[in-house]
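Engineer:
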Amino acid sequence: MASVALSEAEKVYIVHGVQEDLRVDGRGCEDYRSVEVETDVVSNTSGSARVKLGHTDILVGVKAEMGTPKLEKPNEGYLEFFVDCSANATPEFEGRGGDDLGTEIANTLYRIFNNKSSVDLKSLCISPREHCWILYVDVLLLECGGNLFDAISIAVKAALFNTRIPKVRVLEDEEGSKDIELFDDPYDCIRLSVDNVPCIVTLCKIGYRHVVDATLQEEACSLASLLVSVTSQGVVTCMRKVGKGSLDPESIFEMMETGKRVGKGLHASLQSVLHKEESLGPKRQKVGFLG
Amino acid sequence: MAGLELLSDQGYRVDGRRAGELRKIQARMGVFTQADGSAYIEQGNTKALAVVYGPHEIRGSRARALPDRALVNCQYSSATFSTGERKKRPHGDRKSCEMGLQLRQTFDAAILTQLHPRSQIDIYVQVLQADGGTYAACVNAATLAVMDAGIPMRDFVCACSAGFVDGTALADLSHVEEAAGGPQLALALLPASGQIALLEMDARLHEDHLEQVLETAAQAARDVHTLLDRVVRQHVHEASILLGD
Numbered sequence: 001m002a003s004v005a006l007s008e009a010e011k012v013y014i015v016h017g018v019q020e021d022l023r024v025d026g027r028g029c030e031d032y033r034s035v036e037v038e039t040d041v042v043s044n045t046s047g048s049a050r051v052k053l054g055h056t057d058i059l060v061g062v063k064a065e066m067g068t069p070k071l072e073k074p075n076e077g078y079l080e081f082f083v084d085c086s087a088n089a090t091p092e093f094e095g096r097g098g099d100d101l102g103t104e105i106a107n108t109l110y111r112i113f114n115n116k117s118s119v120d121l122k123s124l125c126i127s128p129r130e131h132c133w134i135l136y137v138d139v140l141l142l143e144c145g146g147n148l149f150d151a152i153s154i155a156v157k158a159a160l161f162n163t164r165i166p167k168v169r170v171l172e173d174e175e176g177s178k179d180i181e182l183f184d185d186p187y188d189c190i191r192l193s194v195d196n197v198p199c200i201v202t203l204c205k206i207g208y209r210h211v212v213d214a215t216l217q218e219e220a221c222s223l224a225s226l227l228v229s230v231t232s233q234g235v236v237t238c239m240r241k242v243g244k245g246s247l248d249p250e251s252i253f254e255m256m257e258t259g260k261r262v263g264k265g266l267h268a269s270l271q272s273v274l275h276k277e278e279s280l281g282p283k284r285q286k287v288g289f290l291g
Numbered sequence: 292m293a294g295l296e297l298l299s300d301q302g303y304r305v306d307g308r309r310a311g312e313l314r315k316i317q318a319r320m321g322v323f324t325q326a327d328g329s330a331y332i333e334q335g336n337t338k339a340l341a342v343v344y345g346p347h348e349i350r351g352s353r354a355r356a357l358p359d360r361a362l363v364n365c366q367y368s369s370a371t372f373s374t375g376e377r378k379k380r381p382h383g384d385r386k387s388c389e390m391g392l393q394l395r396q397t398f399d400a401a402i403l404t405q406l407h408p409r410s411q412i413d414i415y416v417q418v419l420q421a422d423g424g425t426y427a428a429c430v431n432a433a434t435l436a437v438m439d440a441g442i443p444m445r446d447f448v449c450a451c452s453a454g455f456v457d458g459t460a461l462a463d464l465s466h467v468e469e470a471a472g473g474p475q476l477a478l479a480l481l482p483a484s485g486q487i488a489l490l491e492m493d494a495r496l497h498e499d500h501l502e503q504v505l506e507t508a509a510q511a512a513r514d515v516h517t518l519l520d521r522v523v524r525q526h527v528h529e530a531s532i533l534l535g536d
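If you read the sequences in order, they're chains V and F.
If you read the first sequence in this note's numbering, its first letter stands for residue 1, the second for the next number, and so on.
If you read the second sequence in this note's numbering, its first letter stands for residue 292, the second for the next number, and so on.
(1) Within its chain, find whatever has a CB closer than 6 Å to the CB of Asp417 of chain F; leave out the 5 residues flanking it on each side and keep chain order.
(2) How many angstroms separate the CA atom of Arg240 of chain V from the CA atom of Lys178 of chain V?
(3) Would you say Phe398 of chain F lies against chain V (beta-carbon separation less than 8 Å)?
(4) Counting only Cβ-Cβ distances shorter than 7 Å, please list the residues of the segment 81–102 of chain V near chain F, keeping chain order.
(5) By the 9 Å beta-carbon criterion, what residues does the segment 138–155 of chain V contribute toward chain F?
(6) Considering just the uninterrupted stretch of the beta strand (DSSP E) at Gln334 of chain F, what are its terminal residues?
(7) Restricting to runs no shorter than 4 residues, where is the alpha helix (DSSP H) found entirely within the segment 333–401 of chain F?
(8) For Val42 of chain V, go through chain F and note every residue whose CB falls closer than 9 Å to its CB, in chain order.
(9) Less than 8 Å between CB atoms is the rule here; does Val305 of chain F satisfy it with respect to chain V?
(10) Which full runs of the beta strand (DSSP E) of 3+ residues lie inside the segment 35–114 of chain V, going along the chain?
(11) Please state whether DSSP places Glu130 of chain V in a helix, a strand or coil.
(12) Give the DSSP-derived three-state secondary structure of Gln233 of chain V in the structure shown.
(13) So if I threshold CB-CB distances at 8 Å, which residues from the segment 54–68 of chain V count as touching chain F?
(14) In the DSSP assignment, find the unbroken alpha helix (DSSP H) run with Gln271 of chain V in it and report its ends.
(15) According to DSSP, which residues form a beta bridge with Thr542 of chain F?
(16) Could you pull out every residue in the same chain whose Cβ sits closer than 7 Å to the Cβ of Ala512 of chain F, ignoring the five residues on either side in sequence?
(17) May I have the straight-line CA-CA distance separating Leu144 of chain V from Val4 of chain V, to the nearest angstrom?
(18) So what does DSSP say about Ala318 of chain F, is it helix, strand or coil?
(19) Which runs of the alpha helix (DSSP H) spanning at least 4 residues fall entirely within the segment 401–478 of chain F, listed in chain order?
(20) In the DSSP assignment, find the unbroken beta strand (DSSP E) run with Leu182 of chain V in it and report its ends.
(21) On the DSSP letters alone, give me the boundaries of the alpha helix (DSSP H) that Val522 of chain F sits inside.
(22) Of the choices V:Gly26, V:Leu79, V:Val35, V:Val12, whose alpha-carbon is the least far from that of Leu274 of chain V?
(23) Roughly how many whole angstroms lie between the Cα atoms of Ala158 of chain V and Arg261 of chain V?
(24) Could you check the C-alpha separation between Val467 of chain F and Ala432 of chain F for me, to the nearest Å?
(25) Give me the chain F residues within the contact set of Thr39 of chain V, using Cβ-Cβ distance strictly less than 8 Å, ordered along the chain.
(26) Taking just the CA atoms, how far does Ala462 of chain F sit from Lys70 of chain V?
(27) If I follow the unbroken beta strand (DSSP E) through Cys199 of chain V, where does it start and stop?
(28) Looking at chain V, which residues of the segment 303–329 of chain F have a Cβ within less than 9 Å of any of its Cβ atoms?
(29) For Pro381 of chain F and Leu6 of chain V, I'd like the C-alpha separation in whole angstroms.
(30) Assign Arg521 of chain F to buried or exposed, taking buried as 16 or more other Cβ atoms, counted over all protein chains shown, within 10 Å of its Cβ.
(31) Does DSSP put Cys29 of chain V in a helix, a strand or coil?
(32) Could you tell me which residues DSSP puts in a beta bridge with Gln486 of chain F?
(33) Taking its Cβ as the centre, do 16 or more other Cβ atoms sit within 10 Å of Phe183 of chain V, making it buried, or is it exposed?
(34) Please list the terminal residues of the continuous alpha helix (DSSP H) segment that includes Leu171 of chain V.
(35) Residues of chain F with CB under 9 Å from Phe253 of chain V, in chain order?
(36) For Phe161 of chain V, decide whether its Cβ has a neighbour in chain F, counting only Cβ atoms nearer than 8 Å.
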């Protein structure tokens, strides 16, 4: 994973700052860096979003393809996650170098979406046991400046919000053979409800305190962090400890409480930004990477 | 789509361009801060990012170091969602490897590699959206990124594709025109000297027409050069204002 090398003195400076609730860039322990979100940046996807969180830069594209439902869930569609840690982020990721991190992040995404409430998978079913929509959620990591998981989950939520799936109907003729027909109006499409899509809040243990949205430098000072995925109502859908150090149970509960509180605020501001962007309609000036 | 008309009787193409006309090009240098150099380019609906790291020490095996010049290392990848149909792998397939190799040859010819012996220059390009002419977009983005990194070059490298339909040469093919399956030519030009850094043609084309197609591609590459030159000057101007000069 992309990381920086810090001297002992630099680490002490960061740890002492965190203890006084003042971080190197002037934030408090529970403050995020400013997040830039833009949706609909890649026009040949069903939905896309770009998120910039400090120096972390993420592009997510969602493609809807038709496929067969899984045997155990015949009347539901499903989501597939893929994370590409491109060499753009750091030369270490060249060739197959980024595969490990990519698989780890993709598996975490599978886990936080592994519950009935996050996405309405039934709406992705076209005809039970035969056809359903598969949403391929492809994450592209372009620059790595700490707190990857949070940035990726925000981008995934924004991209799912932006996703438009064409409406189809199943026609059956006398012999029982089925035909799938696309509706005439291309603007007639299914939108996913993202109200219950969780976001990840990573809490980094630094010294005796924990911080949210750690930069690369802060991540280098922390031994362990806790990954909490929270919905907008503050419901925890998944929790994971990452890092090589250990955590005592008391601090885990403390971190979880902070995660819920911060997560609710994060969801609220993300929703308002997404709705504001949506209300601008097609006249919105697209910035993309040119801004 | 039997007989999709690529060139109308009035001389317009499917997207309304004239035969020798380029798509709209927009570019920006210095997109990322962590890399040594980076650039982003949009040519119509084709969008590409290029990032440059280096010159730095050789990574991995020292045996790869060249005693008299820098090693240029290129990786081409294209996002899984960039094409109409979803791709399974972003890089490592045959097409990506070939593109990486071609980029390497192109930039070996353009970068003054002898100035940095025993070191390595990494060029990574990433196609975000593919709508024809990905090779050209990658070369153009990489040129800007190498310049942003401050690596000395002989000249700009400007690339453009060209095709041939009904006795007319078309510049800067879009995906629809590429998919129609006519002859295709990719050209990377060093505009100041008029030298060709890379030339590739597939499908068959009568020798008599080659000159016309080549000239169209070269003219398009020179047009690209004018635009890229403007972007670089604008970027340097902005940077110098920030520095307070």
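The beta carbon of each residue, even a glycine, is placed where N, CA and C say it ideally should be.
Structural biologist: According to the structure shown:
(1) Checking the sequence shown, residue 417 of chain F turns out to be Gln, not Asp. In its chain, beyond the 5 residues on either side, Leu340, Ser368 have a beta carbon closer than 6 Å to the beta carbon of Gln417 of chain F.
(2) The alpha-carbon separation between Arg240 of chain V and Lys178 of chain V amounts to approximately 45 Å.
(3) Output row for Phe398 of chain F: interface = no.
(4) So the list reads Phe82, Asp84, Ser86, Ala87, Asn88, Pro91, Glu94, given in the order they occur along the chain.
(5) Listed by position, the residues of the segment 138–155 of chain V near chain F (Cβ gap below 9 Å) are Asp138, Leu140, Leu142, Glu143, Cys144, Gly145.
(6) Note, Gln334 of chain F: beta strand (DSSP E), 328–334.
(7) Segments of the alpha helix (DSSP H) lying fully in the segment 333–401 of chain F: 385–401.
(8) Simply Lys338, Ala370, Phe372, Ser373, Leu419, Gln420.
(9) It does not: the Cβ of Val305 of chain F has no partner Cβ on chain V nearer than 8 Å.
(10) Complete beta strand (DSSP E) runs here, min 3: 35–39, 47–53, 56–67, 78–85.
(11) In the structure shown, Glu130 of chain V sits in coil (DSSP, three-state: anything other than H, G, I, E or B).
(12) DSSP places Gln233 of chain V in coil when its eight states are reduced to three.
(13) Answer set for the segment 54–68 of chain V: His55, Asp57, Leu59, Gly61, Val62, Lys63, Glu65.
(14) Segment 249–279, the alpha helix (DSSP H) holding Gln271 of chain V.
(15) Any answer about residue 542 of chain F is impossible in this case: the structure gives chain F only from 292 up to 536.
(16) Counting only Cβ-Cβ distances below 7 Å, and skipping sequence neighbours, we find Cys449, Ala450, Cys451, Leu478, Leu480, Pro482.
(17) The sequence shown places Cys at residue 144 of chain V, rather than the Leu named in the question. One C-alpha to the other measures close to 11 Å.
(18) It is a strand residue.
(19) Counting only runs of 4+ residues, the alpha helix (DSSP H) found wholly inside the segment 401–478 of chain F occupies 425–439, 466–470, in chain order.
(20) For Leu182 of chain V, the enclosing beta strand (DSSP E) has its first and last residue at 178–182.
(21) Counting along the chain, the alpha helix (DSSP H) containing Val522 of chain F begins and ends at 498–534.
(22) Shortest Cα-Cα distance from Leu274 of chain V to any of V:Gly26, V:Leu79, V:Val35, V:Val12 involves V:Val35.
(23) Between Ala158 of chain V and Arg261 of chain V, the C-alpha separation is close to 20 Å.
(24) About 22 Å.
(25) Those within 8 Å of Thr39 of chain V in chain F number zero; the least Cβ separation is about 14 Å.
(26) Straight-line Cα distance between these residues: approximately 47 Å.
(27) Looking at the DSSP string, the run of the beta strand (DSSP E) that includes Cys199 of chain V is 199–206.
(28) Flagged, chain order: Gln317, Ala318, Arg319, Val322, Phe323, Thr324, Gln325, Ala326, Ser329.
(29) Those two C-alpha atoms are separated by around 33 Å.
(30) Exposed: under 16 other Cβ atoms inside 10 Å.
(31) Coil.
(32) Gln486 of chain F pairs with F:Leu481.
(33) Exposed, since its Cβ has fewer than 16 Cβ neighbours within 10 Å.
(34) Element bounds for Leu171 of chain V: not the alpha helix (DSSP H) but the beta strand (DSSP E), 168–172.
(35) Within chain F, no C-beta atom comes nearer than 9 Å to that of Phe253 of chain V; the closest sits roughly 36 Å away.
(36) Closer than 8 Å: no.
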